[in-house]
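Letter 4 of the sequence shown, counting from 1, is numbered 274 in our numbering, and no numbers are missing. Think of the CB as a built atom: it goes at the ideal place given N, C-alpha and C, for glycine as much as any other residue. Right, one structure below, let's go through it.
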Amino acid sequence: MSTTSSSDAAKYGWTAIPREPTRTFTNTTSNNLHSPSAHSPSTLPYPSTPLVEKSLTHISQHLPRQTLNHSLRVYYYGVSILTSQFPEWLESGRLDPETWMLTCLWHDWGTTHENLRKTHMSFDFWGGIQALQHLTTPSFGSAPLPQAESIAEAIIRHQDPGPSGTITSLGFLIQIATEFDNMGHHKELVHPDTIKAVVDKYPREGWSGCFSKTIREEIELKPWAHSTAIEGFADMVEGNEVMRPYG
């Protein structure tokens, strides 16, 4: 481990919390879920730092539009969840917006046609490794190693839900925000007006069919893929009733 201070490590998401969402939600300040507030991309702007801008430029050149839009929706849903359910995470510097944005941008890097065929590894593992390598190079701004490592671990574990053990706060947030956009899970955490505003700016364009096809493609190419760990994964994505009205 590096000698990074505990406060710096915490802001990059290195705080252990229960992997099971119901346990984490009962550990909030009020020990209860809050009614979500309505937000929009205009009220929750993403952090336009050099590291974010370089990543966004690079990723926009490689990810299909539907995948990039998904990544940006996940960012806004996650910030909305943080604001409503875990405001103390932001107020105490427990998780900084740049680290969250970078995690969202890179989390599906491994799903492209090229990347699925570039490695024997599962897309989430490969994506995490690629994020770590890119973000620590001078051309991307040389992210602090604890930040890049946190992003990599969160991406590697973003398809790793379960009832036991712990996960980083960053990993937890990317799990529930992607599950929301992909499968409609945790719908009680996001206001319907937030969904509409986010989808208006970053349309789904048939994302449920697009991503379910990618899952099946990966499993056909790699029967050992981590995507097989979620029983009925592709079917749940394809049958996302919460997002069906939004395309």
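Straight-line gap, residue i to residue j (C-alpha atoms, nearest Å)
{"i": "Thr299", "j": "Gly348", "result": "Note on Thr299: pLDDT 47, under 50, position unreliable in the model; no value is reported."}
{"i": "Gly441", "j": "Gly411", "result": "23 Å"}
{"i": "Tyr472", "j": "Ser312", "result": "12 Å"}
{"i": "Trp494", "j": "Ile437", "result": "23 Å"}
{"i": "Asp430", "j": "Phe395", "result": "11 Å"}
{"i": "Val364", "j": "Thr353", "result": "Inspection of the sequence shows that residue 364 is occupied by Arg rather than by Val. Approximately 13 Å, taken between the alpha carbons."}
{"i": "Pro291", "j": "Ile444", "result": "12 Å"}
{"i": "Leu338", "j": "Gly432", "result": "27 Å"}
{"i": "Ser362", "j": "Gly283", "result": "12 Å"}
{"i": "Ser409", "j": "Leu372", "result": "15 Å"}
{"i": "Ile425", "j": "Ser325", "result": "15 Å"}
{"i": "Gly502", "j": "Pro288", "result": "24 Å"}
{"i": "Asn452", "j": "Gly517", "result": "12 Å"}
{"i": "Pro315", "j": "Ser341", "result": "14 Å"}
{"i": "Ile500", "j": "Leu303", "result": "26 Å"}
{"i": "Cys480", "j": "Trp359", "result": "33 Å"}
{"i": "Arg427", "j": "Gly397", "result": "11 Å"}
Limits of the unbroken beta strand (DSSP E) element including residue i
{"i": "Ala499", "result": "From DSSP, Ala499 is part of no beta strand (DSSP E); its letter is neither H nor E."}
Where residue i falls, given that 16 or more other Cβ within 10 Å makes a residue buried
{"i": "Leu321", "result": "buried"}
{"i": "Leu491", "result": "exposed"}
{"i": "Asp378", "result": "buried"}
{"i": "Thr327", "result": "exposed"}
{"i": "Pro416", "result": "buried"}
{"i": "Thr273", "result": "With a pLDDT of 48 at Thr273, under the threshold of 50, the modelled position of that residue is not reliable, and no figure is offered here."}
{"i": "Arg335", "result": "exposed"}
{"i": "Ser434", "result": "exposed"}
Residue i, enclosing alpha helix (DSSP H) - first and last residue
{"i": "Thr292", "result": "291 to 295"}
{"i": "Ser330", "result": "320 to 330"}
{"i": "Gly479", "result": "477 to 491"}
{"i": "Gly398", "result": "393 to 405"}
{"i": "Leu338", "result": "335 to 355"}
{"i": "Val468", "result": "462 to 471"}
{"i": "Gln417", "result": "415 to 426"}
{"i": "Thr386", "result": "It is Leu, not Thr, that sits at residue 386 in the sequence shown. Note, Leu386: alpha helix (DSSP H), 383 to 388."}
Counterpart residues of residue i in DSSP-defined beta bridges
{"i": "Ile287", "result": "Ile437"}
{"i": "Tyr269", "result": "A query on residue 269 cannot be resolved here, the shown segment of the chain reaching from 271 to 517 and no further."}
Beta-carbon proximity check, residue i vs residue j, cutoff 8 Å
{"i": "Pro357", "j": "Leu459", "result": "no"}
{"i": "Ala279", "j": "Ile351", "result": "no"}
{"i": "Ile421", "j": "Thr498", "result": "no"}
{"i": "Arg474", "j": "Met513", "result": "yes"}
{"i": "Ser482", "j": "Ala504", "result": "yes"}
{"i": "Asn510", "j": "Gly454", "result": "yes"}
{"i": "Arg343", "j": "Val507", "result": "no"}
{"i": "Thr285", "j": "Ser439", "result": "yes"}
{"i": "Thr406", "j": "His332", "result": "no"}
Heavy atom of the ligand ZN within 7 Å of residue i beta-carbon
{"i": "Pro291", "result": "Ligands are entirely absent from the displayed structure, and the ligand ZN is therefore not among its contents."}
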